[in-house]
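All residue numbers for the sequence shown refer to numbering that gives the first Met the number 0, where the first residue is 0 and numbers rise by one.
C-beta atoms are modelled at their ideal positions from N, C-alpha and C, and glycine is treated no differently.
None of the values given here were measured: they were computed from a predicted structure.
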Amino acid sequence: MLDKIRAGAAAAALLLAGTLVACDSGSDGAGDGKPGGDGSPAAAGPGSQDLPAALTGQKPDWGRCEAPEGGEAPGSGWECSTIRVPLDYDKPEGETIGIAVIRKKATDPGKRIGSLLFNFGGPGGSGVSGLPSSASSFTKLNSRYDLVSFDPRGVSASAGVRCRDDKEMETAAEIDLTPDTAAEEQAYMADGADFGRDCERRSGKLLPHVSTSNAARDMDLMRHVLGDRKLNYLGFSYGTELGGVYAHHFPGNVGRVVLDAVVDPTADAVGHARNQTTGFQRALENYLKSTGQDPEQGTEKIVRLLERIDKKPLPTSSGRELGESSALTGIVLPLYSKESWTYLTQGLEEAENGSGDLLLAMADSYNDRDEKGHYGTQSHSQRAISCADARQRPTRAEAKALVPEFREISPVFGPFLAWDTAGWCADWPVAGEGDDPEVSAPGADPILVVGTTGDPATPYEGARKMAEELGEGVGVRLTFEGEGHGAYTAGNSCVTSTVDAYLLNGRVPKDGKTCS
């Protein structure tokens with residue numbers, strides 16, 4: 000059972016779910032590997048990069064992929080390399096960092112289109128480990144594309160941000176994420192500020208340079224180095240924000256781009272938290288309905304359970320205790336996929352009967368903690384990237400003032416997400432770039448924007464707003480009437496065939512098409 004839970008956690012972390020017209024993919028179909036233009040990145044309009052030849056003239060040295068720390072090597076057919084990018088794009092001749100890249104060549108090279116770049120979300124998710132683990136979902140695409148992914152700057156093998164060691168992470172896990180007293184509030188805010196200082200002490204040089212806009216510029220350099228005239232891209236969850244920002248900076252370089260499980264680009268930090276409060280409560284109510292429970296009564300039952308755990312943590316067979324924060328995280332994880340709802344039922348039943356084993360196991364998977372107490376660093380990278388992006392810095396008082404509104408939206412998730420607006424970037428040592436990402440992309444080729452009606456983490460409304468912000472004639476909406484975070488990997492044949500037809504043959508579906 001635990002293996003299945005971990006698989007569900009990996010899927011969550013990775014994501015973290017008509018009339019046809021022709022579309023130019025931006026590749027010649029033959030895949031000769033030659034970049035367009037004069038040897039510099041091919042963008043001709045705003046956002047073009049002027050980089051030194053030492054960077055634009057790189058030739059990736061593809062070799063066998065080594066096993067990541069604590070994991071297994073990807074297996075046959077996978078090749079890895081490193082692409083150098085500027086640490087600071089304002090100083091392109093200065094210090095560089097390495098971006099870890101992985102690929103699997105097209106299995107039908109005679110019909111090769113080019114590279115298809117993936118980002119599985121987070122922010123902070125490793126594409127180098129994520130793509131091989133999910134590659135079975137992309138076998139058909141692999142026939143005509145080299146499947147390519149990467150660790151974005153500040154993530155894992157790409158100069159990964161590291162802030163705390165395992166002992167420090169374990170200590171921080173005891174902080175109450177829904178403080179009820181002045182002392183708990185003070186401890187919560189102090190931990191957020193301490194995390195920022197920890198990151199600055201261990202990774203301070205990187206922190207000003209890990210924003211999404213920098214990652215988008217890295218992608219355009221990767222596109223050029225990989226030999227693609229335009230970028231073909233499949234982004235999930237946060238990867239949709241990264242894809243939208245790329246389209247804004249490099250509209251002339253947009254090829255066949257799909258954004259699935261879409262982040263609302265109009266939301267600031269508080270707006271994003273409000274959206275997630277709505278999304279997770281909606282998913283929880285859909286789950287409760289599926290089990291024959293009244294959503295209001297089922298929600299109240301879970302609230303009472305969490306209140307009891309807050310007062311008296313539950314024992315587990317490992318000797319650790321399940322506190323309220325871990326219990327809440329354990330409830331969150333299975334909402335990412337309808338296939339995991341059965342584990343939520345089991346976890347809640349166990350907890351009602353006095354055992355925290357399953358909810359703690361799911362919380363550990365979500366928090367990237369293994370059985371030996373070792374933590375991954377995705378949460379470190381996630382916070383660094385998010386805080387580099389977000390200018391908004393809610394105070395303790397402002398977060399506390401949000402609690403009644405957020406609790407009204409979701410009695411289960413609202414208090415945590417309200418407090419999270421302040422704790423996330425408390426006293427962060429680097430200012431954020433803006434209030435929300437700019438994704439307008441006038442003149443770009445059509446971008447397929449896929450939204451799932453029951454998506455908990457990136458609610459369906461975000462797809463509409465992304466399509467609108469991309470601009471008329473650019474954002475093309477596809478709706479999946481279903482549950483879970485991400486549509487393409489959900490197993491719906493209508494979604495899969497529509498996306499495949501676009502990516503493989505350039506057929507753009509009618510705007511507003513619905514799959515159920």
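Per-residue burial, residue i [other beta carbons within 10 Å of its own, 16 or more giving buried]
{"i": "D49", "result": "exposed"}
{"i": "D227", "result": "buried"}
{"i": "G234", "result": "buried"}
{"i": "A440", "result": "buried"}
{"i": "P51", "result": "exposed"}
{"i": "T298", "result": "buried"}
{"i": "T277", "result": "buried"}
{"i": "G450", "result": "buried"}
{"i": "D369", "result": "exposed"}
{"i": "Q377", "result": "buried"}
{"i": "K33", "result": "Residue placement at K33 is poorly supported in this model, since its pLDDT is 28, which falls under 50; the coordinates are not used for a value here."}
{"i": "A398", "result": "buried"}
{"i": "S75", "result": "exposed"}
{"i": "G153", "result": "buried"}
Proximity below 8 Å, CB of residue i to CB of residue j
{"i": "G372", "j": "G238", "result": "no"}
{"i": "Q345", "j": "A456", "result": "no"}
{"i": "V262", "j": "G461", "result": "yes"}
{"i": "S148", "j": "D107", "result": "no"}
{"i": "L304", "j": "E351", "result": "yes"}
{"i": "A425", "j": "M168", "result": "no"}
{"i": "T81", "j": "H223", "result": "no"}
Member of the options whose CA lies at the smallest distance from the CA of residue i
{"i": "S236", "options": "G62, R476, A400 and D259", "result": "D259"}
{"i": "W423", "options": "L176, T106 and T95", "result": "L176"}
{"i": "G353", "options": "A246, A326, A172 and E437", "result": "A326"}
{"i": "S157", "options": "E92, P131, L86 and Y187", "result": "L86"}
{"i": "A466", "options": "A282, P445, D164 and I98", "result": "P445"}
{"i": "S135", "options": "C64, Y487 and L502", "result": "Y487"}
{"i": "L146", "options": "F194, G126 and L334", "result": "G126"}
{"i": "Y335", "options": "T452, V269, V224 and R406", "result": "T452"}
{"i": "T211", "options": "R255, E199, D150 and L225", "result": "D150"}
{"i": "T328", "options": "T315, P314, V269 and L357", "result": "L357"}
{"i": "A53", "options": "S80, G62, T95 and A72", "result": "T95"}
{"i": "A282", "options": "G483, V154 and T495", "result": "G483"}
{"i": "E184", "options": "V475, L447 and D419", "result": "D419"}
{"i": "P73", "options": "V84, R63, G472 and I82", "result": "R63"}
{"i": "A266", "options": "F194, L359, L347 and Q391", "result": "Q391"}
{"i": "D193", "options": "G109, C162 and D388", "result": "C162"}
{"i": "V84", "options": "F137, G270, A186 and L205", "result": "L205"}
{"i": "Y459", "options": "S380, M361 and P264", "result": "P264"}
{"i": "A360", "options": "K58, S317, G123 and E199", "result": "S317"}
{"i": "D434", "options": "V100, H271 and E71", "result": "H271"}
{"i": "P131", "options": "K300, E65, D89 and L416", "result": "E65"}
{"i": "R382", "options": "N231, K166, G124 and G511", "result": "G124"}
Distance between beta carbons of residue j and residue i, contact taken as under 8 Å
{"i": "D309", "j": "E323", "result": "4 Å"}
{"i": "D367", "j": "G375", "result": "3 Å"}
{"i": "A215", "j": "Y245", "result": "4 Å"}
{"i": "P428", "j": "G195", "result": "6 Å"}
{"i": "R476", "j": "V494", "result": "R476 to V494, Cβ: 12 Å. No contact."}
Nonlocal neighbours in the same chain, by C-beta distance under 6 Å from residue i, ignoring five residues either side
{"i": "A42", "result": "Low confidence applies to A42: its pLDDT is 38, below 50, so where it sits in the model is not reliable, and the reading given next is rough at best. Excluding residues within five positions, the ones whose Cβ falls inside 6 Å are F249, G251 and N252."}
{"i": "V498", "result": "V257 and Y487"}
{"i": "G44", "result": "Unreliable placement is indicated for G44, whose pLDDT of 34 sits below 50; the coordinate value is still reported in the next sentence. Same-chain partners within the cutoff: G251."}
{"i": "E432", "result": "S210 and D388"}
Contacts around residue i, its chain only, beta-carbon distance under 7 Å, and the 5 residues preceding and following it disregarded
{"i": "N491", "result": "F479, G481 and C514"}
{"i": "T18", "result": "Low local confidence applies: a pLDDT of 26 at T18 is under 50, so the model's placement there is unreliable, and no value is given."}
{"i": "S289", "result": "W340"}
Test: residue i CB closer than 8 Å to a CB of chain D
{"i": "A387", "result": "Here there is only one protein chain, and chain D is not present."}
Spatial neighbours of residue i in its chain, beta-carbon cut-off 8 Å, leaving aside the 5 residues before and after
{"i": "S496", "result": "none"}
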